[in-house]
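A short worksheet on the structure shown next.
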Amino acid sequence: MYCAVDELKMKIYTLVWLTTAQVYFGASFVTLYGRKSLTEGEEASRAPEVGGAIVDILSLKATPPCSTLLLSDGTSWAAVILQELARLLSAWGVGVFRATGGEREANGTGDQLSQVVPLARQIRLNYRCTNVVVISRDLTFLTAFAKRSLQDRLLVWSTKLLLVTRRALREVQELLEAHWTFSMLNTALLNLWEDEGGARYDVYLHMPYGPGGKKSRRVATWTARRGVVLRARQRLFPEKFLNFHGAEVKITALPFLPFWNVAKEKGNGGAEVERYTGSDYVLLETLAWKMNFTISILPSSSWSEATRFVEERLAFMTSIYHIVLPGRQERYDFTFTYEFAQFSFGLAKPFLRPRWQSLYYPLTDEVWAAILAAVVVVPLVLFVSPPQGLPRRSSTRVLVGAWLLFSMVVVYVYKGNLTASLMLPKYPPRPETLAELVTAVDTITMPPYGEDFRRFFKASDSIIFNKAADLMVIGPSVMEGLAGATQRKQAHLSGVRHMQHSIAESFTDANGETRLYVGRDSVFPAPSGWPVPHDAPYKHVLDRNIMAIIEAGLYEKWAEIMLDDARQESKERQQRDQQQNQGEETAVAETNSGEKPLTIVHLQGPLILLLLGLIFSAFTFTLEVVVVSWFSSRPG
4 MYCAVDELKM KIYTLVWLTT AQVYFGASFV TLYGRKSLTE GEEASRAPEV GGAIVDILSL
64 KATPPCSTLL LSDGTSWAAV ILQELARLLS AWGVGVFRAT GGEREANGTG DQLSQVVPLA
124 RQIRLNYRCT NVVVISRDLT FLTAFAKRSL QDRLLVWSTK LLLVTRRALR EVQELLEAHW
184 TFSMLNTALL NLWEDEGGAR YDVYLHMPYG PGGKKSRRVA TWTARRGVVL RARQRLFPEK
244 FLNFHGAEVK ITALPFLPFW NVAKEKGNGG AEVERYTGSD YVLLETLAWK MNFTISILPS
304 SSWSEATRFV EERLAFMTSI YHIVLPGRQE RYDFTFTYEF AQFSFGLAKP FLRPRWQSLY
364 YPLTDEVWAA ILAAVVVVPL VLFVSPPQGL PRRSSTRVLV GAWLLFSMVV VYVYKGNLTA
424 SLMLPKYPPR PETLAELVTA VDTITMPPYG EDFRRFFKAS DSIIFNKAAD LMVIGPSVME
484 GLAGATQRKQ AHLSGVRHMQ HSIAESFTDA NGETRLYVGR DSVFPAPSGW PVPHDAPYKH
544 VLDRNIMAII EAGLYEKWAE IMLDDARQES KERQQRDQQQ NQGEETAVAE TNSGEKPLTI
604 VHLQGPLILL LLGLIFSAFT FTLEVVVVSW FSSRPG
């Protein structure tokens, strides 16, 4: 098995030179710096047996083979075993690492491992499957390896880790239980033990969740004659997370409707109990039933604290969907992306204030121009006609008839269009995309977790995202942001379902009308999942079960039920409020800002025209009286 990447080889050899850990990664042999293999003594005589035990336990001769990374503390005991393994595994891809720090101190060992472990991880990433063997009798070295391998993400669940040591049984159990790497990951420990009957090779592993609780147990024994002998109902490298046997699993979550909600109710004895609802909680509850664990909510005051508990492995997961962002992936992993979150904005609906221009809207500009031309031209034609009573010429009669027909058609069309426009008013255009939004509002609000989005927008090559980042104000909650959107030129950015639920619950009247709307286009459709620790060993079990639930359509159904319940509850609450406050302004009036289909303001136009006509008529009548009086007073 070869590593074909020359650049990677160059990095490997450079790091080897710096750390005094030599690596040869090839198909035929392994070379070692340092002490020669022992040819005398008990440890040297046991080396072939130990090497054979490691090969059998890891099934290293199986087909197809996996690459093997061997790591030791550089002592002669470990060197003898490594030399024997090199002989047994000469036909497979092998990487040998020797971390020597002089004195066996935690700091010295940690410094060596800080350079060796990242190099081993690079090799692991280039292979389909990898086994890691760590050989040391030094508890300080093994402890340093546990911490460094976790920090540098050397191991995943598919990687088998075998510790080879010689310690007392109590120390073995304490070592396995003390570190996440050994207790939670796919780890086994081969303990070389001498008793009166000779050498024993026992295999131990830690089961964090079992019928009797967490404990370390001996699962097998190896002998040169019989090979690996499993104890009754035991397996090497078993699946640890298929069944939690009712154990408590710590979860972090905060209210985020319709995905998660907490309501306090009166329980037995009058004490208050918390009842959880929401689509993500039902999903978690279903997983708890399937995987047989008990949900334990770890209190957290903010989203950053909730995810920090996951990063520190104090919590198994944050069971609320989070959008997968590059900055977040640096801190934690995500489960199967069960939700493609539609991320959009909430904004106040534009509304029409009553104004006299409403009389102008029923007809287009071209129609008004044609009417004005007819009003100007027809009187001029009639004015140039000879003065007489009723028109006697056919042309004049046709003109007057056409004018009357024209007036009737215009009046009826205008009346119909006016009625329609007042009943179905034409609202001003409203922003539906992010490009339109950044030019229409002064600020865009987001809750505290929006800092990740602002950094993401700021780092984008899109000018629109950059401008959105400049307008963003981080801090207001969803309710505060939506309330501010009804009062100012402000929008709130959040998940579509969460905003729809908040609007349905708090900004909807008894008739189902809302003061807010959610943008039609998604800012970006983002894959979303639950945050879990980096390389969580139970992630593949969660993913498989979540995928089955999503494919059955259950999650979508739960989300729809939550949204429908919120709308119905809001409608019933508004109706109760109306019944209790009959004399107060109704919710519909509040929604429409007090506007009515037709008011005195709408009729300002015809009233003004009527007033001007009366004034002009009075002026004309007065002028006629004055002129007649003046002509009557003249002699002759």
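The numbering of the sequence shown is our numbering, which starts it at 4 and goes up by one.
For glycine and all other residues, C-beta sits at the position ideal for the given N, C-alpha and C.
Since we're looking at a predicted model, the values are computed, not measured.
Contact belief for residue i with residue j at Cβ below 8 Å, rounded distance in angstroms
i, j, result
"Thr-297", "Glu-251", "5 Å"
"Thr-280", "Trp-533", "In fact, because the Cβ distance is near 18 Å, the residues do not count as touching under 8 Å."
"Ile-506", "Gly-349", "7 Å"
"Asp-538", "Arg-278", "Actually they do not touch by this definition, with Cβ atoms about 34 Å apart."
"Leu-195", "Phe-185", "With 8 Å as the limit, Leu-195 and Phe-185 do not qualify as a contact, their Cβ atoms being about 17 Å apart."
"Tyr-212", "His-182", "In fact, because the Cβ distance is near 17 Å, the residues do not count as touching under 8 Å."
"Ser-347", "Val-499", "5 Å"
"Pro-536", "Glu-314", "7 Å"
"Thr-224", "Tyr-207", "Rounded, the Cβ-Cβ distance is 11 Å, inconsistent with contact."
"Ala-488", "Ala-351", "5 Å"
"Asn-548", "Leu-245", "Not quite, the Cβ-Cβ distance comes to about 10 Å (not below 8 Å), so this is no contact."
Backbone CA spacing between residue i and residue j [nearest angstrom]
i, j, result
"Asp-336", "Lys-560", "27 Å"
"Val-380", "Met-426", "34 Å"
"Arg-107", "Gln-86", "Here the model assigns Arg-107 a pLDDT of 46, short of 50, so the residue's position is not dependable, and the following value carries that caveat. Distance between the alpha carbons of Arg-107 and Gln-86 is about 22 Å."
"Phe-339", "Tyr-558", "13 Å"
"Lys-163", "Thr-146", "18 Å"
"Ala-377", "Ser-497", "55 Å"
"Lys-492", "Phe-510", "17 Å"
"Val-591", "Gln-582", "With a pLDDT of only 44 at Val-591, under 50, the local geometry of the prediction cannot be trusted, and no value is derived from it."
"Phe-100", "Val-119", "7 Å"
"Ile-326", "Pro-528", "9 Å"
"Tyr-430", "Pro-365", "13 Å"
"Gly-597", "Leu-260", "Residue confidence for Gly-597 is low, a pLDDT of 45 falling below 50, so the modelled location carries little weight and cannot support an answer."
"Leu-622", "Gly-616", "Residue identity check: residue 622 is Phe in the sequence provided, not Leu. Taking the straight line joining both Cα atoms gives about 10 Å."
"Val-631", "Leu-408", "36 Å"
"Ala-149", "Arg-131", "23 Å"
"Met-411", "Ser-620", "24 Å"
"Ala-462", "Asn-469", "8 Å"
"Met-187", "Leu-158", "11 Å"
"Leu-73", "Arg-523", "56 Å"
"Asp-59", "Thr-226", "10 Å"
"Glu-563", "Ser-307", "28 Å"
"Val-526", "Thr-436", "7 Å"
"Leu-613", "Val-416", "21 Å"
"Ile-552", "Val-137", "39 Å"
"Ala-373", "Phe-386", "20 Å"
"Leu-142", "Arg-124", "22 Å"
"Thr-448", "His-543", "36 Å"
"Glu-342", "Ser-531", "5 Å"
"Val-384", "Ser-424", "34 Å"
For residue i, the first and last residue of its enclosing alpha helix (DSSP H)
i, result
"Ala-149", "142-154"
"Tyr-284", "282-294"
"Val-313", "306-314"
"Lys-682", "Outside the displayed span of the chain (4 to 639) sits residue 682, for which this structure offers no information."
"Val-544", "542-554"
"Thr-442", "437-443"
"Ala-181", "172-181"
For residue i, the residue or residues it bridges with in DSSP
i, result
"His-495", "Gly-349 and Thr-448"
"His-209", "Ser-219"
"Val-629", "DSSP lists no partner for Val-629."
"His-537", "DSSP lists no partner for His-537."
"Trp-196", "Arg-203"
"Ala-529", "Ala-344"
"Glu-277", "Lys-267"
"Gly-98", "Leu-72"
"Thr-489", "Partner(s): none; Thr-489 has no beta bridge."
"Leu-233", "Ala-223"
"Lys-163", "Asn-134"
"Asp-336", "Val-535"
"Thr-645", "Since the displayed the chain opens at 4 and closes at 639, residue 645 lies outside it and no answer follows."
"Val-252", "Ile-298"
"Thr-511", "Thr-517"
Start-to-end residues for the beta strand (DSSP E) that takes in residue i
i, result
"Ala-266", "264-269"
"Phe-259", "Premise fails: Phe-259 is in no beta strand (DSSP E) and is neither H nor E."
"Ile-477", "475-477"
"Ile-323", "Per DSSP, Ile-323 belongs to no beta strand (DSSP E) and is neither H nor E."
"Tyr-558", "Taken as a continuous stretch (DSSP letters only), Tyr-558 belongs to no beta strand (DSSP E), being part of the alpha helix (DSSP H) at 557-583."
"Leu-519", "519-521"
Touching by the beta-carbon criterion (3+ pairs, under 8 Å), the segment 472-488 and the segment 454-461: yes
Segment contact, 8 Å Cβ cut-off, at least three pairs: the segment 515-524 with the segment 254-269: When Cβ pairs closer than 8 Å are counted between the two stretches, the segment 515-524 is seen not to touch the segment 254-269, the count staying below three.
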